[in-house]
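Residue numbers (the numbering used here), protein chains in the order written: chain P, 12 to 289; chain H, 12 to 289.
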């Protein structure tokens, strides 16, 4: 009887999701669509954003601090909703954890390997994500004969943050970044950074309709759903009063504006915490 | 006698210079040119870069940590070689300090007020620098009738970091950002971010030869020189073995490459420290 109350408390605990800033909200959006009953605690590291150009050791240290914070929120599972942190830190932090944790890279890589017809897959992302070559490794584990071509696109995140989404400048930048991927004849392109789904139409226009764009956020939400089910952790309670809670490391104002644009629900309150004290 | 040895130790101590990352090296370059005998300790906050889009409170906290670190290096004076940190944190940290400290905003603002003929001055910088309106305040203190028009240019820093310095995309971005400054008839434009001097030729091309570009780095080095003289702190010893020392908060590799491109001397060694422990 006691056992079962404990299990139900665990089931009904929130999922922890974190990212370097606002980009991970595109993953939260997919989770909200796929498993709308699940409570979520989100952390965006807005005081130290971006992660994409920083070193592996620093990203691991930041991820460890964030996970210590999320544990204080009694999360039942963690999603690293940032490609760079998934690429650099997931294997490292998983070893130290007693709850399930997933990143966005593996789900995205797996579906790309299923979708491609010619075995040539492109990946675009931050310097860190491309440098880690994790997408390549995961795809090659399943299909050693596949070709994976990575390309870092450092200007895409600032262009999204400037909101130049369908813009002549952004299109010209995309043409330049994507040229070598076009020339290499890929038929599948992974949007390997959580900001990039917001550039989907520009990237799609440049790559043409014969290239399938893969958004790992969608696949990650599906994998999370399956994982919770498998681990007997799917939510089964009554809707909690504060279903979604948001935390950031810098002033919440800008974050909240962005969140209200991206998410299907209104963000009621975002709290600021000092993440370097965790 | 004892007094005089203490004074000479103080004189021959290094100058502390800090920035959010590599941009402040353009200020270091000017200091090396103007007062080549002075030893320098530089800190670049590469693990938390950029500062331009973060809040005032966060920038003050980061600046305080960095100043605590620089004090452990026995610096005799500090230069905030970052416009955003100068704009947000200088007045705040000066109160807590027993050594002289200067920023880059006041020297840049003062010379712009001298240079303009029509009393219309433009300022370009990060969101934080423009939002603080410090350039406007300093210019208006001297010349209340002057018009100061600020414009944030968030894409300029990533474009410099991508090294698209003389580039069609960069020129198009500059045309868009600078349009309202052109329309307002300014004759003087302050390059209010330490990365922007690297875009001088593109900005100059867009603005035309009738607009004078002001680089606060140069003026800051001159003000530092005058300050050291006035405070009896000019270096008067023998050239120390390690004249220039560089510290960063993230992996030093990329920093060192950038430094070697910008500085007139080779950077022998850059050390990584954990700035959030100060």
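C-beta: ideal position from N, C-alpha, C; glycine also. All values derive from a computational prediction rather than experimental measurement.
Going by beta carbon distance, what residues of the same chain come within less than 6 Å of residue i, once the five residues before and after it are set aside?
i	result
residue 232 of chain P	41, 42, 45
residue 196 of chain H	131
residue 267 of chain H	278, 281
residue 263 of chain H	281, 283
residue 223 of chain H	126, 199
residue 100 of chain H	70, 71, 74
residue 49 of chain H	26, 246
residue 230 of chain H	118, 119, 122
residue 285 of chain P	none
residue 32 of chain P	55, 57, 60
residue 153 of chain P	124
residue 163 of chain H	138, 141
Whose Cβ in chain H lies nearer than 7 Å to the Cβ of residue i?
i	result
residue 47 of chain P	Under the 7 Å cutoff, chain H gives no residues; its nearest Cβ is about 32 Å from residue 47 of chain P.
Looking only at its own chain, which residues have a Cβ that is under 7 Å from the Cβ of residue i, when we skip the five neighbours before and after it?
i	result
residue 111 of chain P	88, 238, 242
residue 271 of chain H	277, 278
residue 12 of chain P	Because the pLDDT at residue 12 of chain P is just 49, under 50, the model does not fix this residue reliably, and the value given afterwards should be weighed accordingly. No residues qualify anywhere along the chain.
residue 287 of chain H	76
residue 273 of chain H	36, 37, 40
residue 81 of chain H	27, 29, 52, 54, 89
residue 215 of chain P	224
residue 105 of chain H	112
residue 175 of chain P	181
residue 240 of chain H	none
Within a Cβ cutoff of 8 Å, which residues of the same chain sit near residue i, ignoring the five residues on either side of it in sequence?
i	result
residue 22 of chain H	87, 243, 244, 245, 246, 247, 248
residue 160 of chain P	131, 132, 133, 134, 191, 192, 195, 197
residue 221 of chain P	198
residue 116 of chain P	94, 97, 98, 101, 140, 145, 146, 149, 203, 227
residue 177 of chain H	212, 213
residue 250 of chain H	48
residue 108 of chain H	78, 89
Kindly list, in the order they appear in chain P, the residues whose Cβ is closer than 8 Å to that of residue i.
i	result
residue 166 of chain H	166, 169, 170, 173
Can you pull the chain P residues whose beta carbon is under 7 Å from the beta carbon of residue i, in chain order?
i	result
residue 41 of chain H	By Cβ distance, chain P contributes nothing, its closest Cβ being about 26 Å from residue 41 of chain H, past 7 Å.
residue 184 of chain H	180
residue 261 of chain H	65, 66, 69
Among the options, whose alpha-carbon lies nearest the alpha-carbon of residue i?
i	options	result
residue 275 of chain H	H:255, H:161, H:221, H:168	H:255
residue 51 of chain H	H:125, H:72, H:29	H:29
residue 147 of chain P	P:219, P:201, P:251, P:230	P:201
residue 103 of chain H	H:76, H:25, H:129	H:76
residue 165 of chain H	H:24, H:55, H:189, H:257	H:189
residue 137 of chain P	P:265, P:184, P:168, P:153	P:168
residue 207 of chain H	H:37, H:18, H:24	H:37
residue 173 of chain H	H:153, H:265, H:24	H:265
residue 235 of chain P	P:92, P:67, P:179, P:20	P:92
residue 114 of chain P	P:217, P:68, P:205	P:205
residue 157 of chain H	H:182, H:259, H:129	H:129
residue 219 of chain H	H:163, H:109, H:185, H:34	H:185
residue 155 of chain H	H:124, H:182, H:162, H:175	H:124
residue 269 of chain H	H:15, H:34, H:107, H:253	H:34
residue 183 of chain P	P:217, P:109, P:68, P:105	P:217
residue 17 of chain H	H:85, H:47, H:66	H:85
residue 24 of chain P	P:253, P:258, P:106	P:253
Below 8 Å on the Cβ atoms is my guess for residue i versus residue j; work out the distance and round it to an integer in Å.
i	j	result
residue 62 of chain P	residue 95 of chain P	4 Å
residue 98 of chain H	residue 64 of chain H	Not really, about 13 Å apart at Cβ, beyond 8 Å.
residue 83 of chain P	residue 261 of chain P	About 19 Å; that fails the 8 Å criterion.
residue 59 of chain P	residue 59 of chain H	5 Å
residue 171 of chain H	residue 210 of chain H	6 Å
Would you say residue i lies against chain A (beta-carbon separation less than 8 Å)?
i	result
residue 287 of chain H	Absent from the structure: chain A. Protein chains present are P and H.
Taking Cβ-Cβ distances shorter than 9 Å, what residues in chain H pair up with residue i?
i	result
residue 237 of chain P	In chain order: nothing, as chain H lies at least about 36 Å away.
residue 58 of chain P	59, 65, 66, 69, 72, 73
Short-range partners of chain P found in the stretch 60-71 of chain H, where Cβ spacing is below 9 Å: In summary, the residues of the stretch 60-71 of chain H whose CB is separated from some CB of chain P by less than 9 Å are 60, 61, 64, 65, 66, 67, 68, 69, in the order they occur in the chain.
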